[in-house]
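See structure below.
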Amino acid sequence: MTYENIIVETRGKVGLITLNRPQALNALNSAILTDLLAATKAFDADDNIGAIVLTGSEKAFAAGADIKEMQSKSYVDVYLGDLFSGWEDFTRTRKPIIAAVAGYALGGGCELAMMCDFIIAGDNAKFGQPEITLGVMPGMGGSQRLTRFVGKSKAMDMCLTGRMMDAAEAERSGLVSRVVPVGELVAEALAAATKIAGFSLPAVMMNKEAVNRAYELTLTEGLRFERRVFQSMFALEDQKEGMAAFVDKRKPEFRNK
Ligand code: CO8
Numbered sequence: 001m002t003y004e005n006i007i008v009e010t011r012g013k014v015g016l017i018t019l020n021r022p023q024a025l026n027a028l029n030s031a032i033l034t035d036l037l038a039a040t041k042a043f044d045a046d047d048n049i050g051a052i053v054l055t056g057s058e059k060a061f062a063a064g065a066d067i068k069e070m071q072s073k074s075y076v077d078v079y080l081g082d083l084f085s086g087w088e089d090f091t092r093t094r095k096p097i098i099a100a101v102a103g104y105a106l107g108g109g110c111e112l113a114m115m116c117d118f119i120i121a122g123d124n125a126k127f128g129q130p131e132i133t134l135g136v137m138p139g140m141g142g143s144q145r146l147t148r149f150v151g152k153s154k155a156m157d158m159c160l161t162g163r164m165m166d167a168a169e170a171e172r173s174g175l176v177s178r179v180v181p182v183g184e185l186v187a188e189a190l191a192a193a194t195k196i197a198g199f200s201l202p203a204v205m206m207n208k209e210a211v212n213r214a215y216e217l218t219l220t221e222g223l224r225f226e227r228r229v230f231q232s233m234f235a236l237e238d239q240k241e242g243m244a245a246f247v248d249k250r251k252p253e254f255r256n257k
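Heads up: the sequence shown at position 94 corresponds to 94 in full-length UniProt numbering, and the numbers run straight through without jumps.
Quick look at the structure:
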């Protein structure tokens, strides 16, 4: 498969996707969505891949949905075309995706980063939901996911003023898991992804599924879900191997079964 708007590589057991529309600061148009969905689906289906890193350039992770592509659309166009609904497919990726964010992550760019499983930020990262400055509002999950990440007050501040949050504030607010020097960003994300890819793949995927359920379920239902999935893991060869290796004081050799 050839891609026009992204660069797709592998680093050992990690799939690395780099958004590549530098002339538009990686603005997210329908072509980039098509590429991204094809690449993540292919990595999901690839037995040699255990985790994915999604990144952009040093200047921009992504400066939002493509304003020029949507500028002239009518309500009927966006309603019948169900604008942005395709991004839901991205969130159905089953293997973990780390967003490695440098530079601008604005509007849809911030929303795409939040669709990933966690965000590592370069120290020059800037997050924002500036849609209000365009006379609209977040349309790819920003009003919902940002509120869950950083709470109502800060989400309101970001959505209503359109101001940007720097990397330090994003880390303080719980939007990103860690901040690293921008020159080390991709290496740091690849190292985290490599570590994840070395674990039992079903255990990794079940962990991801359980944490994501925390957004959807009540505490009682979430705890019930966690316990059932935890119990089901005793059917995995990797559970036997992981616990035997601990007792034998050796490194586990997970076989992903
Ligand atoms: N869409 C299209 N093109 C873009 C975008 C974008 N989001 N962002 C930047 N570009 C283009 C610029 O037009 C410019 O192209 P050209 O050279 O042809 O003029 C090129 O990228 C470089 O950009 P700048 O010259 O502006 O670069 P600067 O370094 O001066 O500024 C900024 C960088 C601050 C990031 C600036 O580009 C900017 O403000 N970009 C727009 C940010 C924004 O508003 N993002 C939100 C977009 S809306 C969205 O994501 C969700 C919308 C939901 C709507 C729901 C409707 C149903």
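Don't be surprised by glycine CBs; every beta carbon is placed ideally from N, CA and C. Just so you know, these numbers come straight off a predicted model, no measurement behind them.
Query: Output the distance between the C-alpha atoms of A170 and D46, rounded to the nearest integer angstrom.; Result: 33 Å
Query: Given that a residue counts as buried once 16 or more other Cβ atoms are within 10 Å of its Cβ, and exposed if not, what is M1?; Result: exposed
Query: Any heavy atom of the ligand CO8 closer than 7 Å to the Cβ of Y104?; Result: yes
Query: Taking its Cβ as the centre, do 16 or more other Cβ atoms sit within 10 Å of N207, making it buried, or is it exposed?; Result: buried
Query: Taking 7 Å as the cut-off, is the C-beta of M165 nearer than that to any heavy atom in the ligand CO8?; Result: no
Query: Determine the extent of the beta strand (DSSP E) in which A51 is found, giving its start and end residues.; Result: 51–55
Query: Quick check: is any heavy atom of the ligand CO8 less than 7 Å from the C-beta of V78?; Result: yes
Query: Which two residues bound the contiguous beta strand (DSSP E) that contains M233?; Result: Per DSSP, M233 belongs to no beta strand (DSSP E) and is neither H nor E.
Query: Report the residue ranges of all beta strand (DSSP E) runs contained in full by the segment 70–111; include only those spanning at least 3 residues, in chain order.; Result: 97–101, 104–106
Query: Any idea what DSSP makes of L175, helix, strand or coil?; Result: coil
Query: On the three-state DSSP scale, how would you describe L146?; Result: helix
Query: My output table needs one value for E9: the three-state DSSP class, helix, strand or coil.; Result: strand
Query: Tell me the rounded alpha-carbon separation between A167 and E4.; Result: 30 Å
Query: So, at 6 Å on beta carbons, what are the nonlocal neighbours of A99 in its own chain, with the 5 sequence-adjacent residues on each side left out?; Result: L54, A113, C116, I119
Query: Using the Cα positions of A187 and S74, report the straight-line distance between them to the nearest angstrom.; Result: 43 Å
Query: Ends of the beta strand (DSSP E) at L16?; Result: 14–19
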